[in-house]
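Novice:
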Amino acid sequence: MSLSTQNLTINHGPLTVLSDVSLDLQEGQVTGLIGPNGVGKSSLLKALAGLAPSKGTIAANETQMTDAQRRDIVAYMPQDSSAGSSLTLLEVVLLGRINSLGFRVGQDLIDAVEALLDDFGLAHLSHRTLDAVSGGQRQLTYLAQALFREPRILLLDEPTAALDLRNQLLVFETLRKLARDKNIAVVVALHDLSLTAQFCDQVVCLCNGRMDAAGPPEDVLTKDRLARVYGIAADITSDSEKGLRIAALHAI
Amino acid sequence: MTAESGAAEAAPTSYRTLSARRVTSLVGAGVLLVLCTLVDILTGPAMLGMGDVVKSLLGAQSASAMTNVIVWDIRLPMSLMAITVGAALAIAGVIMQTILGNPLASPYTLGFSAAAGFGAAIVILTGFTLPILAWLTVPVSAFAATLVSAALVYGLSRARGMTPEVMILAGIATLFLFQSLQSMVQYLASPEVLQAIVFWLFGSLLKASWDNLPVTFAILVFCVAAILPDLWRLTALRMGDERAAAVGVNVTRLRVRMFVIVALLTAGAVAFVGTIGFVGLVAPHIARGFVGEDQRALLPMAALTGAIIMTGASILSKLISPGSVIPIGIVTAVLGVPFLFGLIVMGKRRYW
């Protein structure tokens, strides 16, 4: 399912965080959402998920939808996974389908949760509590929860922030495969420009309360833009085999 | 992935064994409650023989009229009230700890018990009685005051979005308000009236009867029925507000709904027997240690645990000084604290 916005404006009280954002998020694609800290990436994701108020229109498959309607087709994974809890990993993933859970939970559902946990190497921890596993494992658990919702649109806020390099690759490979196989639109807010270049089909760059650019990585991730948006001098190389490579050299 | 898959086979437990363990805990607690209740009915200042009590309970013809009165009209309502109040306070405690996200929360955190105490004290002081059903005056006043305090907390917190922090602050303010009002009533009261007020505040099962038991029980049943559809949403709330909202829970509405239910449950529990402390704080923690956070198991386990603590305290209150019954509100903490300590020291699993 595709998701598009027209002149979206997001306010936090009297403060305007983002204005006039017009986006087109294609199904089957992974979109990277980049921009400096505090630019409004999380606010945009929350608004898209229908969990924060916004002005303007948001449409899924070209049909305009209310916040409540969007909540049913979207899975949104918030950023912070630091807080532990005495829920078990299995319970957390199971809660992804909270709206269809009955008093009795069938074995097939449990098997599905355990298969998903296994995909992220967490099967042996299914009955551990969240506060007894590492921050990265918590992050993977919440990602599994978002996937368990079987969404048409997947919105992830820094899903790889606490992960080791292998798991970062695992997550992005999983997301790309998911987008292709299930034909869903995946949007990922992230800071790692190399991962962005490597895995995203489209990049949306936010800067100074506006959308600065949207397009394929090679068009958006340019030396000039990175200098302007982030204030970094970056070395960008591109070859047909390895694609776009970005190495940030120093702050300017 | 093979290494992790291999580890999965050595998993400490499967969902099936986890469920089995929960059922075992629930059944075990149920059996323990039945045993405690029997002992509770068998003990009392009247020093009846065990055979006589059993005979009376079974409705045998040979039981004496006096024994029948003691067993059926005094001990049985007291025992059943202990179970009902224990279960109600424990359930209210679970819900309060869940919606406030705070292990220190109890049914009384937001000032409900202070309000109930004030409601009782003011009518005891003024000697006001309801025109009909005069015996209901004190409970009705306590009940009404509890609901007033709930409305106050709700009104104050609504202005700032019903977050746990705001609710706790509003609750503490309400608690102090009603405590001060209660103190003022006590200060104004004559020694005899003061004694009546203090005795009410202690909390005692001696006030239980076949007249008020059904009221408390009906409130419990109604509230449990109102909680059941939200069990999964309550479980989800333990992930934190943002993540609960992300899976589709309307957090504010859930919190308001549960807050009203806790107010009702607490008012129903304390209106007749007075404020009984600690059960609502401790029972949820003990239950959590046995069955974990899944509210489908936690709620019944807490209810059973609360009932067991109350019944145990009831037995103890009759044994401490033979021939009399110490108010149970004094005993619950004495019994509950060692339980909690034991759990904290011996529990392997972090349950909060």
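The listed protein sequences correspond, in order, to chains A and B.
Under numbering that gives the first Met the number 0, the residues of the first sequence are numbered 0 to 251, in order.
Under numbering that gives the first Met the number 0, the residues of the second sequence are numbered 0 to 351, in order.
Glycine included, C-beta positions come from ideal geometry on N, C-alpha and C.
1. So, helix, strand or coil for A:C204, using DSSP?
2. Measure the C-alpha to C-alpha separation of A:A213 and A:L17 and round it to an integer number of angstroms.
3. Contact check, B:I82 vs B:A306 under 8 Å by CB: the rounded distance?
4. State the Cα-Cα distance for the pair B:A9 and B:L99, rounded to the nearest angstrom.
5. Looking only at C-alpha atoms, which of B:A114, B:C222 and B:G341 sits nearest to B:A270?
6. Look up A:N6 in the DSSP assignment and say whether it is helix, strand or coil.
7. Counting C-beta neighbours from all protein chains within 10 Å, is the total for B:R252 16 or more, i.e. buried, or is it exposed?
8. Quick check on this structure: which residue in B:L303, B:I275, B:M345 and B:G322 has the alpha carbon closest to the alpha carbon of B:T331?
9. Return the chain-ordered ranges of every alpha helix (DSSP H) run that is complete within the region 253-291 of chain B and spans a minimum of 4 residues.
10. Going along the chain, which residues of the region 231-261 of chain B sit with their C-beta nearer than 9 Å to a C-beta in chain A?
11. If we ignore side chains and look at the alpha-carbon of each, how far apart do B:V259 and B:A28 end up?
12. Taking CB distances under 7 Å as the criterion, tell me whether B:L17 reaches chain A.
13. Under the DSSP definition of a beta bridge, which residues are partnered with B:I327?
14. List the residues of chain A that B:E292 touches, going by C-beta distances under 9 Å, in chain order.
15. Among B:T304, B:L34 and B:I343, whose alpha-carbon lies nearest the alpha-carbon of B:A282?
16. Mind checking whether B:V152 and B:G126 have CB atoms under 7 Å apart?
17. Indicate the three-state DSSP secondary structure (helix, strand or coil) for B:A6 in the structure shown.
18. Terminal residues of the continuous alpha helix (DSSP H) containing B:L303?
19. Looking at C-alpha atoms only, which residue of B:V22, B:R15, B:T16 and B:S13 is the closest neighbour of B:R295?
20. Mind checking who A:V73 pairs with in its DSSP beta bridge?
21. If contact is defined by three or more beta carbon pairs under 8 Å, each pair taking one atom from either stretch, is the region 23-31 of chain A in contact with the region 187-199 of chain A?
22. Look at the alpha carbon of B:S313 and the alpha carbon of B:L79, and state the distance between them as a whole number of angstroms.
23. Chain A partners of B:R20, CB-CB under 9 Å?
24. When DSSP labels each residue in this structure, what does A:K54 get in the three-state scheme?
25. Mapping DSSP to helix, strand and coil, what is A:Q63?
26. Tell me A:T15's beta-bridge partners as DSSP assigns them.
27. Under the DSSP definition of a beta bridge, which residues are partnered with A:S237?
28. Which residues in chain B sit within 9 Å of A:I97, going by Cβ to Cβ distance?
29. Kindly say whether A:L100, judged by its beta-carbon, lies nearer than 7 Å to any beta-carbon of chain B.
30. Suppose the cutoff is 7 Å on Cβ atoms and the five residues either side in sequence are ignored; what does the same chain contact list for A:P158 look like?
31. For A:V186, which beta-bridge partners are listed by DSSP?
32. So which of A:G55, A:L121, A:L2 and A:R209 has the shortest CA-CA distance to A:P35?
33. Is it true that the region 0-10 of chain A meets the region 45-62 of chain A, where meeting means three or more beta-carbon pairs spaced less than 8 Å apart?
34. Which residues does DSSP pair with A:L24 in a beta bridge?
35. Near A:I235, which residues of its chain fall below 6 Å by C-beta distance, leaving aside the five closest residues on each side in sequence?
36. Any C-beta of chain B within less than 7 Å: which residues of the region 164-180 of chain A qualify?
Specialist: The short version:
1. Looking at A:C204 - three-state DSSP - the assignment turns out to be strand.
2. Spanning the two alpha carbons is a distance of roughly 15 Å.
3. So it is a contact: roughly 4 Å between Cβ atoms.
4. Bear in mind that a pLDDT of 32 at B:A9, under 50, signals an unreliable position, so the number given afterwards is only what the model happens to contain. Roughly 37 Å between the two C-alpha positions.
5. Looking at the Cα atoms, B:A114 is the closest of the given residues.
6. Secondary structure of A:N6 (DSSP, three-state): strand.
7. By the 10 Å Cβ count, B:R252 comes out exposed.
8. Checking every option, the nearest Cα to that of B:T331 belongs to B:I275.
9. Qualifying alpha helix (DSSP H) stretches, in chain order: 278-290.
10. Under the 9 Å Cβ criterion, the region 231-261 of chain B contributes W231, R232, T234, A235, R237, M238, G239, E241, R242, A243, A244, A245, V246, G247 and V248.
11. Between B:V259 and B:A28, the C-alpha separation is close to 28 Å.
12. So yes, B:L17 belongs to the interface.
13. None, per the DSSP bridge assignment.
14. The contacting residues are S84, S85, L86, T87, E90 and T128.
15. Minimum Cα distance to B:A282 is reached at B:T304.
16. No.
17. Legend: pLDDT at B:A6 = 35, less than 50; position of this residue unreliable, value from coordinates given subsequently. In the structure shown, B:A6 sits in a helix (DSSP, three-state: H, G or I).
18. That run of the alpha helix (DSSP H) goes Q294 to L318.
19. When only C-alpha atoms are compared, the closest one is B:V22.
20. Within the DSSP secondary-structure output, A:V73 pairs in a beta bridge with A:I152.
21. Taking a cut-off of 8 Å for Cβ pairs, the region 187-199 of chain A and the region 23-31 of chain A touch, as three or more such pairs fall below it.
22. Inter-residue distance for B:S313 and B:L79 is about 11 Å (C-alpha atoms, whole angstroms).
23. The contacting residues do not exist; B:R20 stays about 10 Å from chain A at best.
24. Strand, per DSSP.
25. Secondary structure of A:Q63 (DSSP, three-state): strand.
26. A:T15 pairs with A:N10.
27. Beta-bridge pairing links A:S237 to A:L243.
28. W231, R232, T234, A235, A243, V246, G247 and V248, listed in chain order.
29. Closer than 7 Å: yes.
30. Hits under 7 Å: M76, Q138, L142, V170 and V187.
31. Answer by DSSP bridge pairing, in chain order: A:T30 and A:L154.
32. With distances taken between Cα atoms, A:P35 lies closest to A:R209.
33. They touch, by the three-pair rule.
34. According to DSSP, which records beta bridges pairwise, A:L24 is partnered with A:L2.
35. Result list for A:I235: K222 and I245, in chain order.
36. Residues: none.
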